[in-house]
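J.: Heads up: take any position in the sequence shown, counting from 1, add 2, and you land on our numbering.
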Amino acid sequence: TERHGKSILIISVAALIMSILGALKLNVENSFIDYFRENTEIYQGMKTIDQQLGGTTSLDVVINLEQSEDDSQIATTEEKTEVKIEDEEEFDAFEDEFDESAGEAQYWFTAEKMRRIEEVHDYLDGLQHTGKVLSLGTMLKIGKTLNSGKPLDDFLLALLYNELPEHFRKIIMDPYVSVENNEARFYVRIRDSEPDLRRNELLKQIQFDLKDKLDIPEEKGRLANVLVLYNNMLQSLFRSQILTLGVVIVAFLIMFIFLFRSVTIALIAIFPNVLSIGVVLGFMGWMGIPLDMMTITIAAISVGIAVDNTIHYIHRFRFEFARDGDYLAAMHRSHESIGYAMYYTSITIIIGFSILVLSKFIPSIYFGLLTGLAMLIALVAALTLLPQLMIVLKPLGPEKQKG
3 TERHGKSILI
13 ISVAALIMSI
23 LGALKLNVEN
33 SFIDYFRENT
43 EIYQGMKTID
53 QQLGGTTSLD
63 VVINLEQSED
73 DSQIATTEEK
83 TEVKIEDEEE
93 FDAFEDEFDE
103 SAGEAQYWFT
113 AEKMRRIEEV
123 HDYLDGLQHT
133 GKVLSLGTML
143 KIGKTLNSGK
153 PLDDFLLALL
163 YNELPEHFRK
173 IIMDPYVSVE
183 NNEARFYVRI
193 RDSEPDLRRN
203 ELLKQIQFDL
213 KDKLDIPEEK
223 GRLANVLVLY
233 NNMLQSLFRS
243 QILTLGVVIV
253 AFLIMFIFLF
263 RSVTIALIAI
273 FPNVLSIGVV
283 LGFMGWMGIP
293 LDMMTITIAA
303 ISVGIAVDNT
313 IHYIHRFRFE
323 FARDGDYLAA
333 MHRSHESIGY
343 AMYYTSITII
353 IGFSILVLSK
363 FIPSIYFGLL
373 TGLAMLIALV
383 AALTLLPQLM
393 IVLKPLGPEK
403 QKG
């Protein structure tokens, strides 16, 4: 520090700038398959499910199908027809069976609604990262094949719904259609193992395309299930983590002001801790390491541990400076006393976290390495940058005249 003081300041500022640029590249992802090494059974099993069985992570797309004028006319026509044939005995048996089995639900299954369902089904099925898509559109495609390639008309759809046994209806139709709520559900499985999958971007794309390409109003279409849950959780964690770091830094700054009775010393004390956090987040951004449920906690944990070094060093520095009023001499004596203690305790913590490298769970490996890196940066900053700032800014007052 005595010989390379200016270099330390320049390197620290450069590291902070690079860290900010790297932090801007951070992304939030949560791919469960990436939590394990490629040679593990769970990775290989999930890879097989993804590639050969249609995907692992589930997503529900639910749309509300508005009642069109054609649908209303069809229902009205059917009602009038029922009135006309009410007195005709030859239709009595057919009408009773038709009405008792489904009632008004038969009018819901119109060709226009089915066309709409198939349109959304084909769109979801055509997305790059989707695997298997299940909906009423799946049955409609089978029905079209059985009907010599012709789409099922309104009469065949109503007849199919009424004549289908109840237990088959619960399996084939009920999971994908809510007649009472006028809704259709599409069950989509996402291929989670694809390296270029960005879940938040995929969800935003689907929401945008439903409105822009398929003319479904935003309030008429919604996304749900595990993919949305995980994505919302991570986005919430990311926002709360940034907020938490800000609150922690402000809290430490206030604590330092009360502890050292000096705003200047408080600002000096907070900078090495901010630098250690910034370097780790910047490193993750430059290396393409995403923030997930494990790595997102590294910054808060690291700053909580590293702040001890700052407090101990400044307290010792003030004590040594009070002896002769010499900043350089106070730095040397502080290094020879509290500096050794800081070094050995920090190295012990770094080695302890580094043991996680032996884990087969990749987030644990990242957590151990990055936390160890944060502790190392905090230690180096506390033994180099912190005393240099004390010497340059002289927050304890001017040096005493020697002799």
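Virtual Cβ for every residue (Gly too), placed ideally from N, Cα, C.
Going by DSSP in three states, Asp127 sits in which element: helix, strand or coil?
T.: Correct three-state label for Asp127: helix.
J.: Can you list, in chain order, the residues of its chain with a C-beta nearer than 6 Å to that of Phe96? Leave out the 5 residues immediately preceding and following it.
T.: With a pLDDT of only 44 at Phe96, under 50, the local geometry of the prediction cannot be trusted, and the value read off the model is given with reservation. Nothing meets the Cβ criterion.
J.: Span of the alpha helix (DSSP H) holding Val265?
T.: It spans Val265 to Met289 - the alpha helix (DSSP H) in which Val265 sits, taken as one unbroken run.
J.: Give the DSSP bridge partners of Glu185, in chain order.
T.: Glu185 pairs with Asn66 and Ser180.
J.: Checking 8 Å against the spacing of the C-beta atoms, do Met175 and Leu138 come in under that value?
T.: Closer than 8 Å, so yes.
J.: Do you know how far the Cα of Asp62 is from the Cα of Ala186?
T.: Rounded to whole angstroms, Ala186 to Asp62 spans 10 Å at the Cα level.
J.: Measuring CB to CB, does Asp294 end up less than 8 Å from Glu43?
T.: It is not a contact, given that the beta carbons lie outside the stated cut-off.
J.: In terms of alpha-carbon separation, which member of Ile367, Ile279 and Val230 lies closest to Lys244?
T.: Looking at the sequence shown, residue 244 is not Lys but Ile. Among Ile367, Ile279 and Val230, the Cα nearest to that of Ile244 belongs to Ile279.
J.: Would you kindly report the start and end of the unbroken alpha helix (DSSP H) that includes Val250?
T.: Looking at the DSSP string, the run of the alpha helix (DSSP H) that includes Val250 is Val228 to Phe262.
J.: Considering only residues of the same chain and omitting the five flanking positions on each side of Ser60, which have a CB-CB separation below 8 Å?
T.: Contacts found: Tyr189, Val190, Arg191, Ile192, Asn227, Val228 and Leu229.
J.: Using the Cβ count rule (16 or more neighbours within 10 Å means buried), how would you classify Ser14?
T.: It counts as buried.
J.: What did DSSP end up calling Leu372 once you bin it into helix, strand or coil?
T.: DSSP places Leu372 in helix when its eight states are reduced to three.
J.: Kindly indicate which three-state DSSP category Ile218 falls into: helix, strand or coil?
T.: Ile218: coil per DSSP, three-state reduction.
J.: Considering only C-alpha positions, which residue in the set Asn66, Gly57, Asn202 and Arg318 is nearest to Thr132?
T.: Closest option to Thr132, Cα to Cα, is Gly57.
J.: Taking Leu158 as part of the alpha helix (DSSP H), name the residues at either end of that continuous run.
T.: From DSSP, the alpha helix (DSSP H) with Leu158 extends over Asp156 to Glu165.
J.: Kindly indicate which three-state DSSP category Lys134 falls into: helix, strand or coil?
T.: Strand, per DSSP.
J.: Taking all protein chains shown into account, decide if Ala380 is buried (16 or more other Cβ within 10 angstroms of its Cβ) or exposed.
T.: Answer is buried; the Cβ neighbour count reaches 16.
J.: Per DSSP, Arg193 forms a beta bridge with which residues?
T.: BP columns for Arg193 are empty, so no partner.
J.: Spatial neighbours of Val64 within its chain, please: C-beta separation below 6 Å, excluding the five flanking residues on both sides.
T.: If we look at Val64 and ignore the five residues flanking it on each side, its Cβ neighbours are Glu185, Arg187 and Arg224.
J.: My assumption, with CB atoms under 8 Å, is that Thr347 sits in contact with Ala302. Please give the rounded CB distance.
T.: The Cβ separation is near 20 Å, so there is no contact.
J.: Can the beta-carbon of Trp288 be found closer than 8 Å to that of Lys27?
T.: It is a contact, given that the beta carbons lie within the stated cut-off.
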